[in-house]
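One structure is given below, encoded as structure tokens.
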Amino acid sequence: MSKTRYLVQFELLRNTVEIFPISLKLQGQPCLIVGGGHIAYRKAVLLAKAGAVIHVVAPDIEQNLLDIVHSTHGQYHADKFDPQISLSSYRLVIAATNDKAVNQAVFEACEDLNVLVNSVDDPPHCRFMVPAIIDRSPVVVSIATNGASPVLSRQIRTQLEASIPHGMGKLADFSGKWRKAVKEQITNPDERRIFWEDLYASPLKEQVFNDNLIEADRLIEQALTKWQKPKGEVYLVGAGPGDPELLTLKALRLMQQADVVIYDRLVSPAILELCRRDAEKIYVGKARSNHSVPQDGINALLVKYAAEGKRVCRLKGGDPFIFGRGGEEIQELFAANVTFQVVPGITAASGCSAYAGIPLTHRDYAQSVRFLTGHLKEGSPELPWNELVYENQTLVLYMGLVGLEKICENLISHGQRPNMPVALISKGTTPDQKVVVGTLADIASKVEENHIQAPTLTIIGEVRSPVIHVVLYEPEIPANTGNIIRLCANTDAQLHLVKPLGFELDDKKLRRAGLDYHEWAHMKVWENFAECLVHLKEQGIDLDAIYPLTTKGTETPHTSDLNRPVALLMGPETRGLPEDVRMMFPQAHWIRLPMAPNSRSLNLSNATAVILYEAWRQQGAIRKIA
Numbered sequence: 038m039s040k041t042r043y044l045v046q047f048e049l050l051r052n053t054v055e056i057f058p059i060s061l062k063l064q065g066q067p068c069l070i071v072g073g074g075h076i077a078y079r080k081a082v083l084l085a086k087a088g089a090v091i092h093v094v095a096p097d098i099e100q101n102l103l104d105i106v107h108s109t110h111g112q113y114h115a116d117k118f119d120p121q122i123s124l125s126s127y128r129l130v131i132a133a134t135n136d137k138a139v140n141q142a143v144f145e146a147c148e149d150l151n152v153l154v155n156s157v158d159d160p161p162h163c164r165f166m167v168p169a170i171i172d173r174s175p176v177v178v179s180i181a182t183n184g185a186s187p188v189l190s191r192q193i194r195t196q197l198e199a200s201i202p203h204g205m206g207k208l209a210d211f212s213g214k215w216r217k218a219v220k221e222q223i224t225n226p227d228e229r230r231i232f233w234e235d236l237y238a239s240p241l242k243e244q245v246f247n248d249n250l251i252e253a254d255r256l257i258e259q260a261l262t263k264w265q266k267p268k269g270e271v272y273l274v275g276a277g278p279g280d281p282e283l284l285t286l287k288a289l290r291l292m293q294q295a296d297v298v299i300y301d302r303l304v305s306p307a308i309l310e311l312c313r314r315d316a317e318k319i320y321v322g323k324a325r326s327n328h329s330v331p332q333d334g335i336n337a338l339l340v341k342y343a344a345e346g347k348r349v350c351r352l353k354g355g356d357p358f359i360f361g362r363g364g365e366e367i368q369e370l371f372a373a374n375v376t377f378q379v380v381p382g383i384t385a386a387s388g389c390s391a392y393a394g395i396p397l398t399h400r401d402y403a404q405s406v407r408f409l410t411g412h413l414k415e416g417s418p419e420l421p422w423n424e425l426v427y428e429n430q431t432l433v434l435y436m437g438l439v440g441l442e443k444i445c446e447n448l449i450s451h452g453q454r455p456n457m458p459v460a461l462i463s464k465g466t467t468p469d470q471k472v473v474v475g476t477l478a479d480i481a482s483k484v485e486e487n488h489i490q491a492p493t494l495t496i497i498g499e500v501r502s503p504v505i506h507v508v509l510y511e512p513e514i515p516a517n518t519g520n521i522i523r524l525c526a527n528t529d530a531q532l533h534l535v536k537p538l539g540f541e542l543d544d545k546k547l548r549r550a551g552l553d554y555h556e557w558a559h560m561k562v563w564e565n566f567a568e569c570l571v572h573l574k575e576q577g578i579d580l581d582a583i584y585p586l587t588t589k590g591t592e593t594p595h596t597s598d599l600n601r602p603v604a605l606l607m608g609p610e611t612r613g614l615p616e617d618v619r620m621m622f623p624q625a626h627w628i629r630l631p632m633a634p635n636s637r638s639l640n641l642s643n644a645t646a647v648i649l650y651e652a653w654r655q656q657g658a659i660r661k662i663a
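So the number in my numbering is just where the residue sits in the sequence shown, counting from 1, plus 37.
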């Protein structure tokens, strides 16, 4: 195994589960329950259904629990639990009292003897959990939450009950009856598995469910008679940009039936987990200038495994035919006469832009979109620069992080304006997604300071999510700052709180909302606001788009073109902004907070809601604002 492949598989192993699910055979095995009440009775019912011999230790016992003890040929000990009694003869122990001290004593005694123990509703004192169960014996499905939420386990069970036919146990019994005959005729384990998978997808299943066992026997005999060694096949499957929920139904089905999975670096561990557990998984990841397996080697692997009769899933991030080299692979499969299927995936441009709230086209701002690769050739990107500087189009660059500075320089030198908006989406659609916005002139400088890493998608164009700069005018932090943060988070706007040096903000709240703020260190207070506005403009905040919030006046809030970064100049709610500050801006840009008698008071969070609503209305992407 190569070092790269080993490291990737080790990384997958780090995504551990907190509990390991097993199924215990307890027929005729002694099990102890400490406690004699209703909870103990419920656990005894489950153990009795599994055929266990149930013993109970408790000062008092309910009659229905005692009946179960006698019916399983167990014993009842009418006494308090004694840690000195021998527990080593029991397969498992359940502490089901309402006394935490007793339950803890049971747990500690079992721990000393390595006996499995469960303390009801006390996860820290459990070595096994009693799951919610769907019983289609001999098929049994269990659902557990590691004690976090038994109610959730039961809710999941209710949802699954409807999707698992009650005849599933009959199908398992029927399969067991034919298992030996199938094994004798089809000796190869992989081929035998395919036989059963095909059989379960055939009409035979319904015959068994309806108790037509004579017809079911005829169908399986016929299938065995006609059985031929399966031909190999290759599935080129697009895994999407990272979120497992963006997989197509067909992609998931083929991933779960493949014998071999050959996957790229951009396939997330969460998606790989959805592949068949016992499939052979081969990592062929590609990073810049570091291909663990060259493309010719990947092509050869596809042909090799298909020739062996294997079903091969070539799992690629995004879409196989959009910068995925899927075309090269199907050429090789054509030449080798290998059957294949191509399953499209959601490409990064669609997935990442949607999750970042950035439309790629807009009736007013971008009537076309171009997908480009930012790969460098001899240190420089090779792109048709003259075709890329037209107005009203969006550029989406894949793999352009390393060459971002040169790309921006070339676009500017070929006539694109330096203040053209740019958005970087790192690790899009995953929990680690990060969005950084800027312009062609400054976006390259923001990569390092924001710790942007590959994979990163670059979007260049007028359409991007609204950017709201909340500029604090005085050290008094408005009470509704938290509401504004929440409003921006719910609309996917990019919020930046701009504050003078020394202001204290709730960093924890900001991080929880996934938002950021800038600390301006040009001065400690806004002593010369005109000078401050110059500094703001130098930092990328357009003066024409600053909206003063004022508490004076009775007019309703006014909004205008918000398809560019916006700044809210936020003064204390009780006093509003000084008149000399307000008069520095055209009144068309004022946000007024009505305070006159009989008028509806509009606080800062309300005003922000209006601005955000208007921004999304203008972009045709209104969302509910909580």
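The C-beta atom is built at its ideal place from N, Cα and C for all residues, glycine as well.
Given a threshold of 16 other Cβ atoms within 10 Å of its Cβ, counted over all protein chains shown, does Q192 qualify as buried or as exposed? Walking along the sequence shown from the start, residue 192 turns up at place 155. Exposed, because fewer than 16 other Cβ atoms sit within 10 Å of the Cβ of Q192.
Considering I105, what are the terminal residues of the alpha helix (DSSP H) in which it resides? Residue mapping note: residue 105 aligns to position 68 of the sequence shown, counting from 1. Segment Q100 to S108, the alpha helix (DSSP H) holding I105.
Using the C-alpha atoms, what's the distance from G364 back to E485? Counting from 1 along the sequence shown, the entry for residue 485 is found at position 448. Counting from 1 along the sequence shown, the entry for residue 364 is found at position 327. Roughly 35 Å between the two C-alpha positions.
Counting along the chain, where does the alpha helix (DSSP H) carrying L189 start and finish? The residue given as residue 189 occupies position 152 in the sequence shown. Note, L189: alpha helix (DSSP H), P187 to E198.
Exposure of S482, with buried meaning 16 or more beta-carbon neighbours within 10 Å: Your numbering for residue 482 matches position 445 in the sequence shown. Taking all protein chains shown into account, S482 has fewer than 16 neighbouring C-beta atoms within 10 Å of its C-beta and is therefore exposed.
Flag this pair as yes or no: are the beta carbons of G354 and P278 separated by less than 8 Å? Position 317 of the sequence shown, counted from the start, is the residue given in the question as residue 354. Position 241 of the sequence shown, counted from the start, is the residue given in the question as residue 278. Contact flag set, yes.
Sorted by chain position, which residues of the same chain lie with C-beta nearer than 7 Å to I56's C-beta, five sequence neighbours on each side aside? Taking the first residue of the sequence shown as position 1, residue 56 is located at position 19. Taken in chain order, the residues that qualify are M166, A181 and N183.
How big is the Cα-Cα spacing for P58 and L241? Here residue 58 refers to the residue found at position 21 of the sequence shown. Here residue 241 refers to the residue found at position 204 of the sequence shown. Those two C-alpha atoms are separated by around 31 Å.
Who are N155's beta bridge partners in DSSP? Position 118 of the sequence shown, counting from 1, holds the residue named residue 155. Per DSSP, I131.
Which residue spans inside the segment 435-497 form an unbroken beta strand (DSSP E) run of at least 3? 458-463, 471-476 and 493-497
Whole angstroms is fine: what's the gap from I299's alpha carbon to E228's? Counting from one through the sequence shown, the residue named residue 299 turns up at place 262. Counting from one through the sequence shown, the residue named residue 228 turns up at place 191. When rounded, the distance between both Cα atoms is 20 Å.
C-alpha distance - V54 paired with C445, whole-angstrom precision: Translated into the one-based positions of the sequence shown, residue 54 becomes position 17. Translated into the one-based positions of the sequence shown, residue 445 becomes position 408. Approximately 44 Å, taken between the alpha carbons.
Hey, could you find the ends of the beta strand (DSSP E) H36 is sitting in? What the structure shows of the chain is the stretch from 38 to 663, and residue 36 is not part of that stretch, so it cannot be assessed.
What is the residue span of the beta strand (DSSP E) that T376 lies within? As a working note, residue 376 is residue 339 in the sequence shown. Segment T376 to V380, the beta strand (DSSP E) holding T376.
Please confirm if the segment 395-414 is in contact with the segment 423-435, defined as three or more CB-CB distances below 8 Å between the two stretches. yes
Looking at the secondary structure, which residues open and close the beta strand (DSSP E) in which P67 lies? Locating residue 67 in the sequence shown gives position 30, where the first residue counts as 1. Unbroken beta strand (DSSP E) run through P67: P67 to V71.
Assess, as a yes-or-no matter, whether the segment 280-290 is touched by the segment 253-268 under the definition of 3 or more beta carbon pairs within less than 8 Å. Flag = no, the segment 253-268 and the segment 280-290 do not touch.
Under three-state DSSP, which class holds Y392? Walking along the sequence shown from the start, residue 392 turns up at place 355. Here Y392 sits in helix by DSSP.
Can you check whether the CB of P458 is closer than 8 Å to the CB of A478? Here residue 478 corresponds to residue number 441 of the sequence shown, with the count starting at 1. Here residue 458 corresponds to residue number 421 of the sequence shown, with the count starting at 1. Against a cut-off of 8 Å, the Cβ pair of P458 and A478 comes out as no contact.
Let's test the definition: count the other Cβ atoms within 10 Å of the Cβ of D617 and tell me whether it reaches 16, buried, or not, exposed. The residue given as residue 617 occupies position 580 in the sequence shown. Exposed, by the Cβ-count rule.
In angstroms, rounded to a whole number, what distance separates the CA positions of F144 and V188? The residue labelled residue 144 in the question sits at position 107 within the sequence shown. The residue labelled residue 188 in the question sits at position 151 within the sequence shown. Computed Cα separation, rounded: 24 Å.
So, under 8 Å CB-CB, L35 and L370 are touching, yes? Tell me the CB distance rounded to an integer number of Å. With the chain covering only 38 through 663, there is no way to say anything about residue 35.
A169 to K86 span [Cα, whole Å]: For this step, residue 169 is matched to residue 132 along the sequence shown. For this step, residue 86 is matched to residue 49 along the sequence shown. For A169 and K86, the distance between alpha carbons rounds to 14 Å.
Option nearest L273 by Cα separation, candidates F232, V380, I131 and L83: Position 236 of the sequence shown holds residue 273. Nearest C-alpha to L273: V380.
Within the continuous alpha helix (DSSP H) that includes Y342, where are the two ends? One-based indexing of the sequence shown puts residue 342 at position 305. Taken as a continuous stretch (DSSP letters only), the alpha helix (DSSP H) holding Y342 covers Q332 to A344.
Chain D contact for R348 (CB, 8 Å cutoff): In summary, chain D is missing from the structure at hand, where a single protein chain is found.
Count the other C-beta atoms from every protein chain shown that fall within 10 angstroms of the C-beta of D301, then say buried if there are 16 or more, exposed otherwise. For the purposes of this step, residue 301 is taken as the residue at position 264 of the sequence shown. With 16 or more Cβ atoms within 10 Å of its Cβ, D301 is classed as buried.
Which residues does DSSP list as the beta-bridge partners of K353? Against the sequence shown, residue 353 aligns to sequence position 316. Partner(s): G275.
Span of the beta strand (DSSP E) holding R173? The sequence position of residue 173 within the sequence shown is 136, counting from 1. Per DSSP, R173 is one residue of the beta strand (DSSP E) stretching across A169 to R173.
Considering Cα atoms alone, identify which of K137, P161, L124 and D136 is closest to C147. In the sequence shown, residue 147 corresponds to position 110, counting from 1. Nearest C-alpha to C147: L124.
Here's the rule: buried if 16 or more other CB atoms are within 10 angstroms of the residue's CB, otherwise exposed. What is I257? On the sequence shown, position 220 is the one that residue 257 refers to. Classification for I257: buried.
Under a three-way DSSP split, which group does E243 fall into? As a working note, residue 243 is residue 206 in the sequence shown. Helix.
Kindly indicate the opening and closing residues of the alpha helix (DSSP H) around K86. As a first step, residue 86 is located in the sequence shown; it is residue number 49 there, counting from the start. It spans H75 to K86 - the alpha helix (DSSP H) in which K86 sits, taken as one unbroken run.
Alpha carbon to alpha carbon, how far is P175 from A209? Give it in angstroms, no decimals. As a working mapping, residue 209 is identified with position 172 in the sequence shown. As a working mapping, residue 175 is identified with position 138 in the sequence shown. C-alpha separation (whole angstroms): 7 Å.
Can you tell me which of the three DSSP states F408 falls into? Your numbering for residue 408 matches position 371 in the sequence shown. In the structure shown, F408 sits in a strand (DSSP, three-state: E or B).
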